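Engineer: Residue numbers (UniProt numbering): 1 to 817.
The beta carbon of each residue, even a glycine, is placed where N, CA and C say it ideally should be.
Just so you know, these numbers come straight off a predicted model, no measurement behind them.
Below is the structure I would like to discuss, written out as structure tokens.
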Ligand code: ATP
Ligand code: MG
């Protein structure tokens, strides 16, 4: 016991040992929130206040959940198996498996990840002959998920015009399709589980009696539905222990609601409110940057962090000419760190958007530096892996039309689009699945389709008794996937990934503690060895009909195959194949939440990229939520920057590039305003710091300093605009070179980057970042971003109070000032 509580500071100790009452721990990054939560779990159990079955803990990622289990096992003499520790999605999945009948789902329901969901929506639109330009699938996906996250079924969504009414109808049709196919999307996992608890008193009271303590990490990022789900579980008198940091709320764009913290305090009459202010993670200069930056946000609950670990090293800032050079510099720095004895896995490279990773990956790859990307194209999202999973899904659930369509003609079996259309018509007519409809067809197409359903039936029957890894191997072979990729010129890597899938199945079993000799496709009641409790449906003590096992019926448990398939859908990409090797860690800032590294690079600190232009202009990122104003968007970006900075323990690098290729276009940007919000004394500029311009009086809200970026736009026929604000060093480097060559019309020796840049100047676009402009309607503004070239050229202009706008140069009549 004493060792459990040793090394906690006073408020941490107070938090860990609070009585069984509601509590809110509000604390900044790295102050030990997660540690406190885990220690409290261990303390509650080891002091006998509650059994391992009596607690429920929610964390944000699978990785965090696994870590919590590992740490708990180290602290406790009892087994942690079967404990309800996981993500919201994971726990809801588990609950729905246990009560699939009451939830109206087939036992082997499959989970759609967001790619699958989009494909399902596209298929629906096609079936219903809906114009997908008028109703873009992505928008519909966003609409549906948004509604579900608010807890709204189609009938509850308010629609005031024809267009929204149609969207609601499509939402309904989509739900019907999912129900028919026995599939569930991510948002549905939560909503279905919520509705189950709300409607079924037996089940609700069972869980309310069971969970005496509910602990929630990253509480600031819960959405409304999750909050209500927790409320239903806690309704029987459980003590809710929530830890969070309002400054790290970074999922508002997905419906997360910081207001839940205030609501929690009010609605649960929280008397135990504890703040933790000592940071144990980051050294002084890093922390100073985080603290100073976040002061610029107005909507905060307010707290400050301190550390006694000294200032440490200054935060290093690097300006690059372009993204490739930024990546090159990064590679050199990492090499230096490795030479100094750092492990590569102690270094993380963070970026605002996934698209940035390609250039960095390329540079690391070329330099022979092993790296791992988290949350990018995840292992389970690769096409070949998805194909194999589709076969497995069909074995488990032949009604899964999405899986059927994915592989019915892959590898090719000569089944054409017309045959499939006929099949779809017939399925619709008979309200059956595609698989079932095959039996009713006749003609030449029928023979080929029947061969396919026989293949699946055969695989299902013959692999039934095999352990999971062998089942996967058989399916890869006999489906024809292995032969297909073997014959493909570039198929080697894909074959390796398929082999890796077999390994993943084995690793999954080992991790879950399932004996490898347990048949994969046989329900647990018939299995030779029992599944571990955390895979089993819970066995409610007194649940009447909801507990079939009480009457001796088979447990409503899933097979190892179904469990593995859920795992593949829910896996947040943080358990990729090959984990554990010493590799540099690459991920988006969102994915880095809750983690820490000795060394961190935050890249791409440019206006428009970070803060992201959509957040600044309020442009929908696939549709903004109502109430999201420009200011709230910017504040969310700043919180994201706060999260990024606070991941670092010892060394932090911040970098930006003057020019970058993104989504096929060259963009010129000024450095992020966030850099100018950091305390100068904590920074060390590795490249000469460009001089800041005086802030124009009208540019309210634009706190960043203007700089006369020496974008190559200085070249050509226009007079140079550099003036006092010009970048002192870049004018003598690439800017100058590009100008010279462009003037000569000699672009032959330039790389694609430079050529594009040079072309732009040849067309004589007299604009550059930092340029003052006048617009007839919006008034005076300053260019903060340029994109595209020729007739497609667009500029992003900050019009002060009017806001930041993108304007097409060929249309907007802009005058330079
Ligand atoms: P975040 O907001 O980023 O999720 P957090 O508040 O959850 O951070 P933790 O991850 O729990 O913080 O802790 C940060 C680091 O500080 C961890 O390495 C943890 O082990 C360490 N730490 C926390 N409390 C103490 C303490 N009292 N003594 C020594 N180290 C501590
Ligand atoms: Mg944490």
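#1: Let me have the residue list for the ligand MG: C-beta closer than 7 Å to any non-hydrogen atom, ordered along the chain.
#2: So within the region 60 to 142, which uninterrupted alpha helix (DSSP H) runs reach at least 4 residues, ignoring any that extend past its ends?
#3: Starting from residue 356, trace the beta strand (DSSP E) in both directions and tell me its first and last residue.
#4: Starting from the Cα of residue 87, find the closest Cα among 216, 130, 287 and give me that residue.
#5: Got a sec: does the ligand ATP put a non-hydrogen atom nearer than 7 Å to the Cβ of residue 283?
#6: In whole angstroms, give me the CA-to-CA distance for residue 110 and residue 384.
#7: Considering only DSSP beta bridges, list what residue 815 is partnered with.
#8: Is the separation between the beta-carbon of residue 675 and that of residue 605 shorter than 8 Å?
#9: So, with DSSP's three-state summary, where would you put residue 298?
#10: Nearer than 7 Å: is that true of the beta carbon of residue 466 relative to any heavy atom of the ligand ATP?
#11: I'd like to confirm something about residue 877: is its beta-carbon nearer than 7 Å to some heavy atom of the ligand ATP, or not?
#12: Report buried or exposed for residue 347, applying the criterion of at least 16 other Cβ atoms within 10 angstroms of its Cβ.
#13: Regarding residue 31 and the ligand ATP, is the C-beta to nearest heavy atom distance less than 7 Å?
#14: To test your reading of the DSSP string, which unbroken beta strand (DSSP E) runs of 3 or more residues are found completely within the region 627 to 672?
#15: Would you mind working out which of 665, 780, 776, 417 sits nearest residue 794, comparing C-alpha positions?
#16: Need the endpoints of the beta strand (DSSP E) that residue 194 sits in, please.
#17: Residue range of the beta strand (DSSP E) that residue 808 falls in?
#18: Are there 16 or more other CB atoms within 10 angstroms of the CB of residue 770, so buried, or fewer, so exposed?
#19: In whole angstroms, what separates the C-alpha of residue 486 from that of residue 457?
#20: From residue 41 to residue 270, what distance separates their C-alpha atoms?
#21: Does the structure place the region 260 to 279 close enough to the region 28 to 38 that three or more beta carbon pairs sit under 8 Å?
#22: For residue 338, which residues from the same chain have a beta carbon less than 7 Å from its beta carbon, with the 5 sequence-adjacent residues on both sides left out?
#23: Measure the C-alpha to C-alpha separation of residue 586 and residue 251 and round it to an integer number of angstroms.
#24: How many Å lie between residue 335 and residue 326 at the Cα?
#25: Across the region 246 to 263 and the region 217 to 230, are there enough close Cβ pairs to call them in contact, namely three or more that are closer than 8 Å?
#26: Starting from the Cα of residue 501, find the closest Cα among 488, 473, 191, 634 and give me that residue.
#27: Nearest to residue 559 by alpha carbon, out of 436, 476, 467?
#28: I want to check one thing, is the minimum distance from the CB of residue 14 to the heavy atoms of the ligand ATP below 7 Å?
#29: Any idea if residue 581 is buried or exposed, counting beta-carbon neighbours within 10 angstroms, 16 or more meaning buried?
#30: Run the proximity test for residue 308: is its beta-carbon closer than 7 Å to any non-hydrogen atom belonging to the ligand ATP?
#31: With 16 as the cutoff for other CB atoms within 10 Å, does residue 712 come out buried or exposed?
#32: Grab me the residues of residue 440's own chain with a C-beta within less than 7 Å of its C-beta, minus the 5 sequence neighbours each way, in chain order.
#33: Among the residues of its own chain, which have a CB less than 7 Å from the CB of residue 453, if the five just before and after it don't count?
#34: Mapping DSSP to helix, strand and coil, what is residue 234?
#35: Hey, quick one: how far does the beta strand (DSSP E) through residue 316 stretch, first residue to last?
#36: I believe residue 76 touches residue 45 by the beta-carbon criterion, under 8 Å. Please report the beta-carbon distance rounded to the nearest angstrom.
Structural biologist: The short version:
#1: In chain order, the residues with a C-beta atom nearer than 7 Å to some heavy atom of the ligand MG are 33, 34, 217, 218, 594.
#2: You should have 62 to 75, 88 to 98, 114 to 127.
#3: Neither: residue 356 is in no beta strand (DSSP E) and is coded neither H nor E.
#4: Of all alpha-carbon atoms in 216, 130, 287, the one lying nearest the alpha-carbon of residue 87 is that of 216.
#5: Distances from the CB of residue 283 to the heavy atoms of the ligand ATP are all 7 Å or more.
#6: Those two C-alpha atoms are separated by around 18 Å.
#7: DSSP output for residue 815 lists 774 as bridge partner(s).
#8: Contact annotation: residue 675 and residue 605 have beta-carbon atoms nearer than 8 Å.
#9: If DSSP states are grouped into helix, strand and coil, residue 298 belongs with coil.
#10: No - the ligand ATP has no heavy atom lying nearer than 7 Å to the Cβ of residue 466.
#11: Since the displayed the chain opens at 1 and closes at 817, residue 877 lies outside it and no answer follows.
#12: Around the beta carbon of residue 347, 16 or more other beta carbons lie within 10 angstroms, which makes this residue buried.
#13: Yes, the beta carbon of residue 31 sits closer than 7 Å to at least one heavy atom of the ligand ATP.
#14: Whole beta strand (DSSP E) segments, 3+ residues: 648 to 662, 665 to 669.
#15: Considering only alpha carbons, the answer is 665.
#16: Residue 194 -> not in any beta strand (DSSP E); alpha helix (DSSP H) instead, spanning 186 to 199.
#17: Residue 808 -> beta strand (DSSP E) spans 804 to 808.
#18: Residue 770 should be labelled buried.
#19: Their Cα atoms are separated by approximately 25 Å.
#20: Straight-line Cα distance between these residues: approximately 19 Å.
#21: The region 28 to 38 vs the region 260 to 279: in contact.
#22: The residues are 344.
#23: Distance from the CA atom of residue 586 to the CA atom of residue 251, rounded to whole angstroms, is 20 Å.
#24: In this structure, the CA atom of residue 335 is about 14 Å from the CA atom of residue 326.
#25: At 8 Å Cβ cutoff, the stretches touch.
#26: Of the candidates 488, 473, 191, 634, the one whose C-alpha sits nearest the C-alpha of residue 501 is 473.
#27: Nearest of 436, 476, 467 to residue 559, Cα basis: 467.
#28: Flag unset: Cβ of residue 14 not near the ligand ATP.
#29: Answer is exposed; the Cβ neighbour count stays below 16.
#30: Checking the Cβ of residue 308 against the ligand ATP gives no.
#31: Residue confidence for residue 712 is low, a pLDDT of 29 falling below 50, so the modelled location carries little weight; the figure read from the coordinates is stated next. By the beta-carbon neighbour count (other beta carbons within 10 angstroms, threshold 16), residue 712 is buried.
#32: These residues qualify, in order along the chain: 426, 430.
#33: Within the same chain, Cβ atoms closer than 7 Å to the Cβ of residue 453 are found at 435, 438, the five residues on either side in sequence being excluded.
#34: Under the three-state reduction of DSSP, residue 234 is assigned to helix.
#35: Judged by DSSP secondary structure, residue 316 falls within the beta strand (DSSP E) whose first and last residues are 315 to 322.
#36: Right, the Cβ-Cβ distance comes to about 6 Å (below 8 Å), so this counts as a contact.
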